[in-house]
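Scroll down for the structure; my scribbles are underneath it.
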Amino acid sequence: MLSEQERKEIEAHSRHYPDHRSACIEALKIVQRYRGWVSDEGIKDVADALQMAPAELEGVATFYNMIFRKPVGRHVILLCDSVSCWIMGGERLREHLHTRLGIGLGETSADGSFTLLPNVCLGACDHAPVMMIGDALYQDLDPARIDEILDRHAQHSLSQEEKKEKREPADGNTADP
Amino acid sequence: METPLTRNISPGKNPPDLARYEKAGGYAALRKALRMSPDDIMEEVKEANLRGRGGAGFPTAKKWSFVPMGENAPHPKYLICNADEMEPGTFKDRLLLEGDPHQLLEGMIISGYAIQADIGYIFLRWAYKLAAERLERAIGEAYRQGYLGRNILGTEYSLELHLHVSAGRYMCGEETALLNALEGKRANPRAKPPYPQVSGLWGKPTVVNNVETLCNVSHIVNHGSGWFKSLSRSGDGGTKLYGVSGRVKKPGLWELPMGTPIREILEGHAGGMRDGYRFRGLLPGGASTDFLIADHFDTAMDFDSMQAAGSRLGTGTMIILDDRTCPVGMLRNLEHFFAQESCGWCTPCWSGLSWIEQILQDLEEGEGLSSDLERLQAHARLLGPGHTFCALAPGAAEPLQSGLKYFRDDFERHVHEKRCPWR
C-alpha cells in the first residue's frame, strides 16, 4: 500500500499531465525516495494507483537507469564511465573504489553503506573525472579526494544513521554532506 | 564581443532571481513579443537563421512552421524544452539551466506564443539536481508575476509550464523517444511521419527544442535578426557555447561567435595540450560525431563547415584524444556507451552495437584478428542512416568509421602485437 505521503505526492504530480499514467516515472521515484528502492510490492502499489498493469509498469521501471529494482546501500555512488572521464583516468578511480570498498560494480558494501554503480556522462566533463553520491556532484577526482569524500560519508552515516540524506549545497556542485 | 546567452551567468554564484533578471532587461522581449503576431516572431527567427543547438542543426523557424496554426488547429499544442543533456562529453546546457533559468523560461514563453502552444514541459535529466531546484523556483516566480498561466500580461495568450525530471536514459534525448518518455512509457523512438509538429505528445501538435536554442529566442526578439546574424562568423546566426574536455591545459566552456575555428577554441581558450601530451584527434560535438584531426584545425565550428570536413558540429563540445590515450580503447568506451543505451527497438542497433563492443574488447585484450577491421567497417555501414528508426545507431557509427580511417595503424598494431600498446 502507498503511504499517505506517497499518495499525496503522486497525486500532486499527476495534475501536471492530461493522462495520469505520465506520472508513473515520477511515482516510481517517489516510492524509491521513501523506500530506498522499488520492490515488486512498490511496482504493484504504483500500478494500482495509476491504473496500469504491473507488467507494463515493470517494463517502464526497468528501462530507466535511475529506478533501482534491487536494494541499494545508504549511499549510492554513481561513477561516470563515459569518454571524457575515461580519458582523464576514470578506470583508476574505479579500481580504487573496488579496493577501498571491497565491492565490484553493481554491488553493495557488507555494512550496507555504499552501492557502487557505473553511470553515463554526468555533464561536467571540463572537471573530469566526476561522480555523484546522493544529490551531490564531486569533480576533479583523484584517489586521495575519493578517500576524503568517503570518510566523510561514513562518519555522516554513523552520526545520522536514520536521518535521510539531505541536499546540502545551496550553490556550487562540489559541496559535501 | 557580445555574449547574450551568458551575460547574466557567473558560475559558482546564484543565478539571477526574477527581480535581478528583470533589472538586467529580462522579460522585455516577452512584452515586445506579445505585441507582435506569432507569424512575425517566426519570420524574425527565420531571418536570424537560428539553427537547433541540440546537435542536428535544423532551422528552428522551419521546425515551428509545420505546426498547424489558426482557428481550426488541434489543441492543446505542446512546446517541450529538451534538457536531457546526456551526450557524452557535453556539458553546455547545464550552464544555461543552472546559471540563468529565467532566460530559458522567457525563451520558452515567446516560442510557445509563436506556435500558440497551451502547455510546455521542460524535460530535464535527473542528474541536474541544482538545475531542477533553480528551475522550480524560477517557474514559481514567473507564475506569480503573470508571465505564466492564464492571460499572460493581460493578453489573450495563456501557457501552463511544468518541469518533468526524467529517470535517466540517453534515448530520451531523441525527440520522438522523449515524447514516449513524457507519456510514461519506455523511451522507444516513433516512426516519422507523422512528425511531432503534427502528431506529437498524446497525438497533438508538439515542438521539441533544445535548451540553448530556446535561450536564443528572447535575444532575437529584443535585438532583431540583423543583430543576431552579426554575432556570427558564419552563415548560421548567433553565438555558440563551445566546450573542450580531455588533456588540455584549461578545459572549459565559452560563448563565442558561431563559426569560431577549432584552433582558436582549442589552442586559445583551452590553452592547448597539457605538457607532455600531444594532440591526436578530436570529436567536435560529443560522442556521436566523427573524429577530426590536426589538418582540420582551421575549420570553422559551424554546421556546414563541420559537415564539409566529414563530421558534425553536434553539441559543439569537443573531446580531445591525446597520444597517451589508446584510440581503440576510446572507441571501446564510446561503443560500450551506445550499446548500453540502445533501447532495443531496432535490430541493427541493439545487435550490431553489442558485436562492435565485443570486437573492440577483443582487440584491446590482444585477441583481435586482422579481419576484425573489415568486420567493424561493415558494422559501421549497417548502422548508418536509413537502417534504424532514430539517430542513435548512425551516431554510434560516426566515431567508429572515422576512427578506423584516422587510426588504422593503431588498430593494426593491436592485431599484430596481440596487445594494447598503451597498456
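These protein sequence lines map, in sequence, to chains H and U.
The working numbering applies: residue 99 is where the first sequence begins, and numbers increase by one.
The working numbering applies: residue 429 is where the second sequence begins, and numbers increase by one.
No residue lacks a Cβ here, since even glycine has one placed at the ideal position from N, Cα and C.
Query                                                                                                                                                                               : Result
Rounded to a whole number of angstroms, what is the C-alpha to C-alpha distance between U:ASP664 and U:GLY687?                                                                      : 8 angstroms
Got a sec: is the Cβ-Cβ distance from U:VAL852 to anything in chain H below 9 angstroms?                                                                                            : No answer is possible for residue 852 of chain U: the residues shown for chain U start at 429 and end at 851.
Just to check, is the beta-carbon of U:PHE486 closer than 8 angstroms to a non-hydrogen atom of the ligand MG?                                                                      : With respect to the ligand MG, the structure shown offers nothing to examine, as it has no ligands at all.
Using Cβ-Cβ distances below 9 angstroms, what residues of the stretch 596-610 of chain U are close to chain H?                                                                      : GLY596, ARG597, TYR598, MET599, CYS600, ALA609, LEU610
Whose C-alpha, out of U:TYR541, U:LEU525, U:GLU792, U:GLU450, is nearest the C-alpha of U:ARG848?                                                                                   : According to the sequence displayed, residue 848 of chain U carries Cys and not Arg. Among U:TYR541, U:LEU525, U:GLU792, U:GLU450, the Cα nearest to that of U:CYS848 is on U:GLU792.
Three-state secondary structure (DSSP) at U:GLY631?                                                                                                                                 : helix
For the beta strand (DSSP E) holding U:VAL672, just list the boundary residues, first then last.                                                                                    : 667-673
Can you list, in chain order, the residues of its chain with a C-beta nearer than 6 angstroms to that of H:GLN237? Leave out the 5 residues immediately preceding and following it. : ALA222, HIS225, VAL228, THR272
Residues of chain H with CB under 9 angstroms from U:ARG675, in chain order?                                                                                                        : ILE185, MET186
May I ask you to list the residues that DSSP assigns as paired with U:PHE707?                                                                                                       : U:ASP750
For U:TRP773, return the contacting residues in chain H, with the cut-off set at a CB-CB distance below 9 angstroms.                                                                : Within chain H, no residue comes near U:TRP773; the closest Cβ sits about 11 angstroms away, beyond 9 angstroms.
Check whether the Cβ atoms of U:ALA737 and U:THR727 lie closer than 9 angstroms to each other.                                                                                      : yes
Pairing CB atoms from the stretch 645-653 of chain U with CB atoms from the stretch 463-481 of chain U, are three or more of them under 8 angstroms?                                : yes
Mind checking who U:HIS592 pairs with in its DSSP beta bridge?                                                                                                                      : U:PHE551
From this set, U:GLN789, U:ILE693, U:ALA824, which residue's C-alpha is nearest U:PRO776's C-alpha?                                                                                 : U:ALA824
Do U:PRO502 and U:LYS632 count as a contact pair if the criterion is CB distance below 9 angstroms?                                                                                 : yes
Run the CB neighbour count on U:PHE494, radius 10 Å, all protein chains shown included, and call it buried at 16 or more, exposed below.                                            : exposed
DSSP three-state call for H:ILE247: helix, strand or coil?                                                                                                                          : helix
Residue range of the alpha helix (DSSP H) that U:TRP783 falls in?                                                                                                                   : 775-792
For a test of the three-state rule: what should DSSP assign to U:ILE721, helix, strand or coil?                                                                                     : coil
Consider the Cβ of U:TRP778: report whether some Cβ of chain H lies at a distance smaller than 9 angstroms.                                                                         : no
Can the beta-carbon of U:PRO617 be found closer than 9 angstroms to that of U:CYS818?                                                                                               : yes
Could you have a look at H:LEU177 and say whether DSSP puts it in helix, strand or coil?                                                                                            : strand
Determine the chain U residues that contact H:ARG119 at a beta-carbon separation under 9 angstroms, and present them in chain order.                                                : GLU611, GLY612, LYS613
Quick one: Cα of U:LYS833 to Cα of U:SER438, how far?                                                                                                                               : 41 angstroms
Should U:PHE707 and U:LEU681 be called a contact, given that it needs their Cβ atoms to be closer than 9 angstroms?                                                                 : no
Who are the neighbours of U:ALA715 on chain H, taking C-beta pairs under 7 angstroms?                                                                                               : VAL181
So, helix, strand or coil for U:GLU430, using DSSP?                                                                                                                                 : coil
Can you tell me the Cα-Cα spacing of H:GLU263 and H:GLN130, whole angstroms?                                                                                                        : Any answer about H:GLU263 is weak, because its pLDDT of 41 lies below 50 and its placement is not dependable; what the coordinates show is given next. Rounded to the nearest angstrom, the two C-alpha atoms are 13 angstroms apart.
On the criterion of 16 or more Cβ atoms from any shown chain inside 10 Å, does U:GLY835 qualify as buried, or is it exposed?                                                        : Before going on, a small fix: residue 835 of chain U reads as Phe here, not Gly. With 16 or more Cβ atoms within 10 Å of its Cβ, U:PHE835 is classed as buried.
In chain U, which residues lie with their C-beta within 9 angstroms of the C-beta of H:PRO241?                                                                                      : The premise fails here: H:PRO241 is roughly 18 angstroms from chain U at the closest Cβ pair, so nothing lies under 9 angstroms.
Below 8 angstroms on the Cβ atoms is my contact criterion, and I expect U:GLN531 with U:ASN436 to pass it. Report the Cβ-Cβ distance as a whole number of Å.                        : 7 angstroms
Could you tell me which of U:ALA484, U:GLY612, U:GLU534, U:ARG459 sits nearest to U:GLU515, measuring between CA atoms?                                                             : U:ALA484
Quick one: list the residues of chain H neighbouring U:MET758, beta-carbon separation under 8 angstroms, in chain order.                                                            : VAL181, TRP184, ILE185
Identify whether H:CYS183 lies in helix, strand or coil by the three-state DSSP scheme.                                                                                             : helix
To the nearest angstrom, how far is the alpha carbon of U:GLY742 from that of U:PRO689?                                                                                             : 15 angstroms
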